[in-house]
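Residue numbers (UniProt numbering): 1 to 346.
Quick reminder that beta carbons are idealized off the backbone N, C-alpha and C, glycines included.
All values reported here derive from a predicted model rather than from experimental measurement.
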Amino acid sequence: MPGRLKPTNSMPTLVHVAKLAGVGLGTASRALSGQGYVSEETSARIRKAVEQLGYQRNELARSLKVKRSGAIGLVIPDVGGPFMAGCVRAIQKVFRQAGYTCIITFTDGDEKVETEEVDYLTRHQVDGILIVPSPGSGAHFRTPQMAHTPLVTFDQPVEKQDYDAILIKNRHYAREAVEHLIGHGHKRIAALGVNRHHYTIQQRMEGYRVAMKAAGLSPMLEIVDPEGGGIPKQLDAWLAMKPAPTALFSLNELTTLEAVEALAERGIKMPEQIAFIGFDDIQLGPYLDPPLTAVVQPAAEIGEKAARRLLERIDAKEKLPSKRMMLEAALVVRGSCGCPVVKKSR
Numbered sequence: 001m002p003g004r005l006k007p008t009n010s011m012p013t014l015v016h017v018a019k020l021a022g023v024g025l026g027t028a029s030r031a032l033s034g035q036g037y038v039s040e041e042t043s044a045r046i047r048k049a050v051e052q053l054g055y056q057r058n059e060l061a062r063s064l065k066v067k068r069s070g071a072i073g074l075v076i077p078d079v080g081g082p083f084m085a086g087c088v089r090a091i092q093k094v095f096r097q098a099g100y101t102c103i104i105t106f107t108d109g110d111e112k113v114e115t116e117e118v119d120y121l122t123r124h125q126v127d128g129i130l131i132v133p134s135p136g137s138g139a140h141f142r143t144p145q146m147a148h149t150p151l152v153t154f155d156q157p158v159e160k161q162d163y164d165a166i167l168i169k170n171r172h173y174a175r176e177a178v179e180h181l182i183g184h185g186h187k188r189i190a191a192l193g194v195n196r197h198h199y200t201i202q203q204r205m206e207g208y209r210v211a212m213k214a215a216g217l218s219p220m221l222e223i224v225d226p227e228g229g230g231i232p233k234q235l236d237a238w239l240a241m242k243p244a245p246t247a248l249f250s251l252n253e254l255t256t257l258e259a260v261e262a263l264a265e266r267g268i269k270m271p272e273q274i275a276f277i278g279f280d281d282i283q284l285g286p287y288l289d290p291p292l293t294a295v296v297q298p299a300a301e302i303g304e305k306a307a308r309r310l311l312e313r314i315d316a317k318e319k320l321p322s323k324r325m326m327l328e329a330a331l332v333v334r335g336s337c338g339c340p341v342v343k344k345s346r
């Protein structure tokens with residue numbers, strides 16, 4: 001006859017459940033996992049024993065049998081803007097549906113911090129790492145621990161290393177944006193950005209140069225330090241020129257935010273005094289007056305594809321060859337570039 005176990009200071013285990021229910025350990029395991037046949041009467045006794053003991057399945061111990069922790073590491077610079085926020089939402093959705101917990105860490109684009117975060121995640125045996133890598137040597141990806149940890153990058157690749165990367169055609173869409181400004185008749189088109197060593201910025205710089213060269217125009221390209229007012233200072237220098245630039249191409253979200261604010265503070269009107277296109281939309285972009293023309297990245301698609309690729313690597317029985325996916329973006333034309341603003345009917 002099954003009886004009540006003597007009180008114990010330790011957490012109840014499956015052995016205690018089996019003994020209280022009067023069944024074998026294998027029967028208790030099958031009943032709780034749902035794998036294999038157990039009669040309804042026996043299952044009821046086991047469920048009652050679980051309730052009496054307050055037993056909870058130890059998911060970590062269970063995962064050790066299949067060498068998985070059920071956790072994924074997500075390493076990103078920050079989550080302040082709509083692009084990265086959109087990526088993170090899509091990533092979490094995919095992992096949640098697959099039964100994984102997502103551990104998010106922030107690096108602020110600092111390689112030293114990134115090294116510490118990657119080390120933390122590998123020491124805690126995450127099943128894989130999804131990362132927006134900072135510029136640098138990437139030496140922290142060549143440790144013995146990382147040799148056994150699936151890794152996928154997105155937005156930025158790890159240069160000269162063999163990892164999956166989910167990217168967009170940065171050069172192509174930068175060129176398209178500048179060609180759009182050229183199509184409006186602009187000849188003095190300035191380009192402004194930060195983070196010179198980032199892959200995305202380098203690709204966008206190249207797209208700008210290609211478009212300007214093809215049109216026979218002289219580039220006006222500056223990459224500045226965002227600390228200490230580098231963006232508004234550069235705008236002031238350009239606006240003081242005779243003649244001043246008639247159009248501005250912003251290479252990333254931070255530059256767009258500060259440039260739009262600086263132009264407004266100086267009473268410079270878009271597009272009458274300077275046409276404007278940003279690479280990356282900003283949250284208020286569609287609601288500005290005029291609305292901001294921008295290259296909009298498919299954040300949800302990038303996040304989803306990156307997460308699914310990491311799951312493929314985790315589940316693969318053999319090592320997969322690395323893959324670089326180049327996704328499409330879109331030049332969303334609004335009013336800041338000089339195009340007519342189409343007002344939505346209510």
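- Shortest alpha-carbon distance to Lys242 belongs to which of Arg188, Leu257 and Ser39? For the purposes of this step, residue 242 is taken as the residue at position 242 of the sequence shown. Taking only the C-alpha atoms, the option nearest Lys242 is Arg188.
- Item | Helix, strand or coil at Val17 according to DSSP, with G and I counted as helix | Position 17 of the sequence shown holds residue 17. Three-state DSSP puts Val17 in a helix.
- Coarse secondary structure for Ala177, derived from DSSP in three states: One-based indexing of the sequence shown puts residue 177 at position 177. Note: Ala177 maps to helix in three-state DSSP.
- Message: Given a cut-off of 8 Å on the beta-carbon distance, is the pair Ile231 and Thr255 in contact?
- Response: The residue given as residue 231 occupies position 231 in the sequence shown. The residue given as residue 255 occupies position 255 in the sequence shown. Against a cut-off of 8 Å, the Cβ pair of Thr255 and Ile231 comes out as a contact.
- Along the chain, which unbroken stretches of the beta strand (DSSP E) at least 3 residues long are found entirely within the segment 219-281? 220-223, 247-250 and 275-279
- Query: In three-state terms, what does DSSP make of Thr107?
  - Reply: Stepping through the sequence shown from its first residue, residue 107 is reached at position 107. The answer is coil: DSSP assigns Thr107 none of H, G, I, E or B.
- Query: Which one of Gly86, Ile72, Met270 and Glu258 has the shortest CA to CA distance from Gly99?
  - Reply: The residue you call residue 99 lines up with position 99 of the sequence shown. Measuring from the Cα of Gly99, the nearest candidate turns out to be Ile72.
- Query: Gly193 by DSSP, collapsed to three states: which one?
  - Reply: Here residue 193 is taken as the residue at index 193 of the sequence shown, counted from 1. For Gly193, the three-state secondary structure derived from DSSP is strand.
- If you draw a straight line from the C-alpha of Thr122 to the C-alpha of Val158, how long is it? Here residue 122 refers to the residue found at position 122 of the sequence shown. Here residue 158 refers to the residue found at position 158 of the sequence shown. In a straight line, the C-alpha of Thr122 is about 18 Å away from that of Val158.
- Burial state of Lys233, where buried means 16 or more other Cβ atoms lie within 10 Å: Translated into the one-based positions of the sequence shown, residue 233 becomes position 233. A residue is called buried when at least 16 other Cβ atoms come within 10 angstroms of its Cβ; Lys233 does not meet this threshold and is exposed.
- Item | Cβ of Leu53 within 8 Å of any chain D Cβ | Absent from the structure is chain D; it holds one protein chain and no more.
- Item | Val296, DSSP secondary structure in three states | The residue given as residue 296 occupies position 296 in the sequence shown. Of the three classes helix, strand and coil, the one that applies to Val296 here is strand, per DSSP.
- Message: Does the segment 270-280 come into contact with the segment 298-305, if we say contact requires no fewer than three beta-carbon pairs (one atom in each stretch) closer than 8 Å?
- Response: No contact exists between the segment 270-280 and the segment 298-305.
- Task: Flag this pair as touching only if the segment 174-194 and the segment 205-224 have three or more C-beta atom pairs under 8 Å; answer yes or no.
- Result: yes
- Message: For Ser250 and Ile91, what's the separation of their Cα atoms in angstroms?
- Response: Here the question's residue 250 lines up with position 250 in the sequence shown. Here the question's residue 91 lines up with position 91 in the sequence shown. The alpha-carbon atoms of Ser250 and Ile91 are separated by roughly 27 Å.
- Query: What do you get for Ser39, buried or exposed, if any count of 16 or more other CB atoms within 10 angstroms of its CB means buried?
  - Reply: Walking along the sequence shown from the start, residue 39 turns up at place 39. It is exposed - the Cβ of Ser39 has fewer than 16 other Cβ atoms within 10 Å.
- Query: Can you give the beta carbon distance from Leu74 to Val17, rounded, assuming they're within the 8 Å contact cut?
  - Reply: Sequence index remark: in the sequence shown, residue 74 carries index 74 (1-based). Sequence index remark: in the sequence shown, residue 17 carries index 17 (1-based). Rounded, the Cβ-Cβ distance is 36 Å, inconsistent with contact.
- Who pairs with Gly81 in a beta bridge, going by DSSP? Counted from its first residue, the sequence shown places residue 81 at position 81. Note: Gly81 sits in no beta bridge, so no partner.
- Fully enclosed by the segment 119-187, which beta strand (DSSP E) runs are 3 residues long or longer? Qualifying beta strand (DSSP E) stretches, in chain order: 128-131, 151-154 and 164-168.
- Inter-residue Cα distance where the pair is Ser69 and Ala215: Counted from its first residue, the sequence shown places residue 69 at position 69. Counted from its first residue, the sequence shown places residue 215 at position 215. Each residue's alpha carbon lies about 55 Å from the other.
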